[in-house]
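Quick note on numbering: numbering that gives the first Met the number 0 labels position 126 of the sequence shown as 125, and the sequence is numbered without any gaps. Ideal Cβ positions, reconstructed from N, Cα and C, are used throughout, including at glycine. Take a look at the structure set out below.
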Amino acid sequence: MHSNTQQALIIVTSHDRLGSTGRKTGFYYDEMAVPYWALVDAGLEVHLASIAGGVAPADPGSLGSADDRPPAVTRFLADADAVEKIHNTRRIDDIDPDRYSVVFLPGGHGTMWDFPESQALATVIGRAYDNGAVIGAVCHGPAGLVAARRADGRPLVEGLRVNSFTNAEEAAVGLTEIVPFLLESRLRELGGRFESAPNFQPKAVRDGRLITGQNPASAPLVAEEMLRALAILRRR
């Protein structure tokens, strides 16, 4: 660690189109903002990165209108420092994974295109995990786990209990044929022990230092479990 304050890294997608539909996507605001504030309020220094760096695209549907926004999103948008971070994200290629106690991957459908293709992201996640960091992901964020490997070359998720946006949820939102692959299926193929709740119900799974959640409603649970896992590490 480069400072006495523990550091956390949140990595969002840079991809802003849903396949060839012409529809906009990006990261899901709620899934980023809820864990962001949980980590900040727990005393961590939180950095924001993305695959390409610079301004990160938000899924327009995740912003809502000012009067029905989740409190964490309202708080984020009202915080100049936070907004500056999301408008000026660090490029994943420039990230030193050895600095971070926590690495978190919010979802948004954009992740399905650029997360699995980024070797730099796979390296950051694998190295951070091997270093003993807590790794969290929610909804489509676990797309960032599919290319990650441990030091011995095995898939990061192999043999671990995992969760993500499910095949049934993808079908329910009508995007089964649009996404490049089905995340639940891929995690299972990699040897993940997939667990899920009924469609759009909150669910988070913690297996050691890996915490994964199912959908936007699961972001608070994932944040809680990440802090719980971090507390266990601090006691060691």
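(message) I'd like to know whether the C-beta atoms of Y28 and V72 end up nearer to each other than 8 Å.
(response) yes
(request) Using the Cα positions of N162 and R185, report the straight-line distance between them to the nearest angstrom. (result) 11 Å
(request) Scan the region 71-100 and note each continuous alpha helix (DSSP H) run of 4 residues or more that stays entirely inside, going in chain order. (result) 79-86
(request) Drop a sphere of 10 angstroms on the beta-carbon of I231, count the other beta-carbons inside from all chains shown, and report buried for 16 or more, exposed for fewer. (result) exposed
(request) Starting from T110, follow the alpha helix (DSSP H) in both directions and report where the run begins and ends. (result) T110 to D113
(request) Helix, strand or coil for E223, going by three-state DSSP, please let me know. (result) helix
(message) Going by DSSP in three states, E157 sits in which element: helix, strand or coil?
(response) coil
(request) Kindly indicate which residue of L144, A121, E44 and I9 has the alpha-carbon position closest to the one of L189. (result) L144
(request) Please go through the same chain and pick out, in chain order, the residues whose beta-carbon is closer than 8 Å to the beta-carbon of M0, but skip the five residues on each side of it. (result) Confidence at M0 is low in this model, with a pLDDT of 39, below 50, so the placement of that residue should be treated as unreliable; the coordinate-derived value is given next. Excluding sequence neighbours, M0 sits near Q6, R98 and S100.
(request) For V11, count neighbouring Cβ atoms within 10 angstroms of its own Cβ and tell me buried if that reaches 16, exposed if not. (result) buried
(message) Mapping the DSSP letters down to three states, classify V39 as helix, strand or coil.
(response) helix
(request) Determine the DSSP secondary structure at A48, reduced to helix, strand or coil. (result) strand
(request) Since I believe M31 is in contact with P105 (beta carbons under 8 Å), could you give me their beta-carbon distance rounded to a whole number of angstroms? (result) 4 Å
(message) Tell me the DSSP secondary structure of L209 in three-state form.
(response) strand
(request) Pair every Cβ in the region 169-184 with every Cβ in the region 203-221, then say whether three or more of these pairs are closer than 8 Å. (result) no
(request) Spatial neighbours of L155 within its chain, please: CB distance less than 7 Å, with the 5 preceding and 5 following residues excluded, ordered by chain position. (result) I124, G125, Y128, L144, A147, R148 and R149
(message) Let's see if you can read the secondary structure: which residues bound the beta strand (DSSP E) around L120?
(response) Note, L120: premise wrong, no beta strand (DSSP E); alpha helix (DSSP H) at Q118 to D129.
(request) Please go through the same chain and pick out, in chain order, the residues whose beta-carbon is closer than 6 Å to the beta-carbon of N198, but skip the five residues on each side of it. (result) A167, E168 and A171
(request) Label S49 either buried or exposed according to how many other C-beta atoms from any shown protein chain fall within 10 Å of its C-beta, with 16 as the threshold for buried. (result) buried
(request) Could you please give the first and the last residue of the uninterrupted beta strand (DSSP E) stretch that includes A170? (result) That residue, A170, is in no beta strand (DSSP E); its alpha helix (DSSP H) goes N166 to A171.
(request) Find the nearest neighbour of I94 within the set L120, D80 and S19, judged by alpha-carbon distance. (result) L120
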